[in-house]
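Structure record follows, encoded as structure tokens.
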Amino acid sequence: MISDEIKKILASACKRAGFGITASTLKKPDISAHGDYSSNIALAVAGIEKTNPRLIAERIVECISKNGILSKVEVASAGYINFYLSDEAIYEELGRAEGLSDKWGAGKSLHGNRMMFEYTDPNPFKAFHVGHLMSNAIGEALARLAEWQGAHVIRANYQGDVGLHVGKAIYGMLSAKSGIPAETAALLDKIGWLQECYVFGAQSYENDPSVKHKIDVLNKTVFDKTDPEVNKMYSLGREWSLANFEEIYRVLGTKFDYYFFESEVAEKGITLVDEYKEKGVFVDSEGAVIFDGEPYGLHKRVFITSNGLPTYEAKDLGLNVTKFEKEPELQKSVIVTGAEQDEYFKVLFKAFEFIDKRISDNTVHVGHGLMLGADKKKVSSRRGGAASGEELLLDLKVSALKKILAGKKELSENEAEDTAEKIATGAIKYVVLKQNIGKNIVFDEDLALSFEGDSGPYLQYTCARINSILSAAEAVGLEASIERTKEPPTELERYLIHFENALLLASIKLSPNYVTTYIVELARLFNSYYASHHIVDAHKPESAYRLYLAKIVLLTLKNGLKALGIPTVERM
RNA sequence: GCCCCCGUAGUUCAAUGGAUAGAACUGCGGACUUCUAAGCCGUCAAUGUUGGUUCGAUUCCAACCGGGGGCACCA
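As structure tokens, then:
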């Protein structure tokens, strides 16, 4: 990265000037008039030495040796040191980007690290909710950003295949047995039926005390596997749900390496609680076994109920131990869930400090906000009730398809369908990834359907537009080249140079929005450039360079989108 | 009651303690019979309140006001 070069230059200049600061602070200035890179190091030094920052900056600048990559170094304002890259350095960076191709943007900051990301976590027998969509978008982006930094990433999905919700669903299934879809029926029909069963079961559970009792008993039957009929419903529902989730993951672009199930980790959780109860980590309280977080400013949590059943606390104990058992070389474990679990995880990690410090030290929880509708309430579906993730995707897809068909593009039916799906996925993922993870998202579906402005489709559109330019160039036999007829770098070229840093920062901060912000600004700069520069013109010598630049922009957009898990389209 | 998170243009979001707080949507006003108008250009408009720390605060600290979430056998 060229910023590393400048950091070195700056550090050695500081040393020569007699300032022993090694922590170099180099950033891209907010406005281009302040150069390509800027350092506030003189301000920091002045703070310590109680002297005039401008004088310090000037002393540092005097010590900067001549270097081909810099055209100018200046002291500005209160004492900033602004670095201006030479045109040659910028062309060289563009050439480096081209050479790296689909590796352009990658870094080494996590090279050799083995990291597990757990996300999505839907529950079989229940709907795939918009919350799962968010968790997936964020988890997938974080996983990919880590991969771009050289980490070996392991994707994990933890699913609740036991528990009350299963009892409710199976109660519904048994009640509606006559309407059960045939084995040959479409998956969508099976899932539709299953969800109706769940809703029926859940409502009956709330409204009818006798049913509540029946479901509680049924739930135990599910667990004990003593009733063949119940067993059959259980395996059908589980199978259908998981197959349906797999289809959603395909659309979303996620491939999991591990599927953990609550049923598989419960036993281990119970054993751990027993073991560490003897050591005083867990204590009996009102018949339950709890961990008391209050001495640490946290709260109490039940791990084993008074009926002797493990809560999700105990299961999480088993889950996290299992992760490190299956992956002994694991250096970091990241868990993505809703932010409502923030404090729960603090308690869990505190308990882990007494059980396995390696786990508590190397596991981080990322809590994301809720997705709300335009009315700031839960996103509701067109059919009433909370919207499922699938419905939301489908609504967006239908709208995208309409828009595609309204155009005069000659896309085949398949391509149109596929493109619409990618636009829908891109739209929803972008909305989730463009803002800070912990905050609630207000998702105005009508606004999202317009696909205008600061949006995923805007980025996809820009890519499609460049593709179109490339084919226009091909049609007239124009070849991209940076060798002849270079033009002085514009803001666009100067912006491209910061791509690697955006990816690095996003990875370090677990904040994909650094990348969304970067690439949407890049797209904006390109579209603006496009409006004022005619690119393909066989008669203009500068066309080769402009085409080259367009290709680098496309490469950067594609790599950025890939690192976020947002699909790109060829045409739209 | 205790704890956690969040308060930035009319709206939805940005901003690694630094320079002139950046976009999008909306509104208003434009350009274009040239490579994709899901585009481009211009314009109006914002840091909840009061203090503190700092050379410098949207960012850190405190209090208050407002919103959301969590605090025992559900996940």
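Residues 72 to 643 (the numbering used here) are what the first sequence spells out, left to right. We put the beta carbon where it would ideally sit given N, CA and C, even for glycine.
| Check | Outcome |
| --- | --- |
| Can you tell me where the beta strand (DSSP E) with PHE362 in it begins and where it stops? | 359 to 363 |
| For VAL288, does the count of other Cβ atoms within 10 angstroms reach 16, so buried, or fall short, so exposed? | exposed |
| Under 9 Å, do GLU318 and LEU258 count as touching if we go by C-beta distance? | yes |
| Look at the alpha carbon of GLY131 and the alpha carbon of VAL116, and state the distance between them as a whole number of angstroms. | Residue identity differs from the one stated: residue 131 is Ile in this sequence, not Gly. In a straight line, the C-alpha of ILE131 is about 11 Å away from that of VAL116. |
| Do ALA544 and SER614 have their C-beta atoms closer together than 9 Å? | yes |
| Assuming the contact rule is C-beta atoms closer than 8 Å, ALA535 and MET643 should be a hit. Round their C-beta distance to whole Å, please. | 5 Å |
| Ends of the alpha helix (DSSP H) at ILE225? | No alpha helix (DSSP H) holds ILE225; the beta strand (DSSP E) holding it covers 223 to 230. |
| Put VAL607 into one of helix, strand or coil per three-state DSSP. | coil |
| With C-beta atoms as the reference, is ARG565 less than 9 Å away from ASP107? | yes |
| For SER74, tell me which candidate among SER109, TYR616 and GLY91 has the shortest Cα-Cα distance. | SER109 |
| Can you find the residues in the same chain that come closer than 8 Å, C-beta to C-beta, to ASP158, ignoring five residues on each side of it along the sequence? | SER142, LYS557, PRO559 and PRO560 |
| Does the beta-carbon distance from ASP127 to ALA113 come in below 9 Å? | Sequence check: residue 127 is Ile here, not Asp. Yes, the pair counts as a contact, with Cβ atoms nearer than the cut-off. |
| Taking the continuous beta strand (DSSP E) assigned at ALA147, which residues delimit it? | 141 to 147 |
| Whose CA, out of ASN207, LEU213 and GLU398, lies closest to the CA of SER578? | LEU213 |
| Expressed to the nearest angstrom, what Euclidean distance is found between the alpha-carbon atoms of GLY170 and ALA104? | 29 Å |
| Classify ALA359 as buried or exposed, calling it buried when 16 or more other Cβ atoms lie within 10 Å of its own Cβ. | buried |
| So the candidates are ALA337, HIS236 and ASP413; which of them puts its Cα closest to the Cα of GLY389? | ALA337 |
| On the DSSP letters alone, give me the boundaries of the beta strand (DSSP E) that GLY438 sits inside. | 434 to 439 |
| In chain order, what residues of the same chain lie with their CB nearer than 6 Å to the CB of LYS296, ignoring the 5 residues before and after it? | ASN302 |
| Go through its chain and collect everything with a Cβ distance to LEU204's Cβ below 8 Å, but skip five positions before and after it. | LEU323, MET442, GLY460, LEU463, LEU464, ILE499 and VAL503 |
| Looking only at its chain, what residues have a beta carbon closer than 6 Å to the beta carbon of GLY221, apart from the 5 residues adjacent to it on each side? | LYS179, LEU181 and HIS182 |
| Which one of GLN266, GLU164 and LYS261 has the shortest CA to CA distance from ALA458? | GLN266 |
| Quick check: the region 221 to 239 against the region 517 to 533, are there 3 or more CB pairs under 8 Å? | no |
| Where does THR393 fall in DSSP's three states? | helix |
| Secondary structure at ASP387, three-state DSSP: helix, strand or coil? | helix |
| So, under 8 Å CB-CB, GLY308 and PRO195 are touching, yes? Tell me the CB distance rounded to an integer number of Å. | 7 Å |
| Give the single residue among LYS239, TYR600, SER206 and ALA594 whose Cα lies nearest to the Cα of LEU631. | Here residue 631 turns out to be Gly, not Leu, going by the sequence shown. Comparing Cα-Cα distances from GLY631 to each of LYS239, TYR600, SER206 and ALA594, the minimum goes to ALA594. |
| Buried or exposed for ILE119, going by 16 or more other Cβ atoms inside 10 Å? | exposed |
| Considering only residues of the same chain and omitting the five flanking positions on each side of LYS261, which have a CB-CB separation below 6 Å? | PRO252 and TRP311 |
| If you reduce the DSSP assignment to three classes, tell me which class LEU369 lands in. | coil |
| Suppose you measure from the CA of ASN123 to the CA of LYS86; what does that come to, to the nearest Å? | 18 Å |
| Once DSSP output is grouped into helix, strand and coil, what is the label at ASP345? | helix |
| Quick check: THR325 and THR191, are their CB atoms within less than 9 Å of each other? | yes |
| LYS79 to GLU349, Cα distance in whole Å? | 56 Å |
| Could you check the C-alpha separation between ILE494 and GLU488 for me, to the nearest Å? | 10 Å |
| Who are ILE499's beta bridge partners in DSSP? | For ILE499, which the question treats as bridged, DSSP gives no partner whatsoever. |
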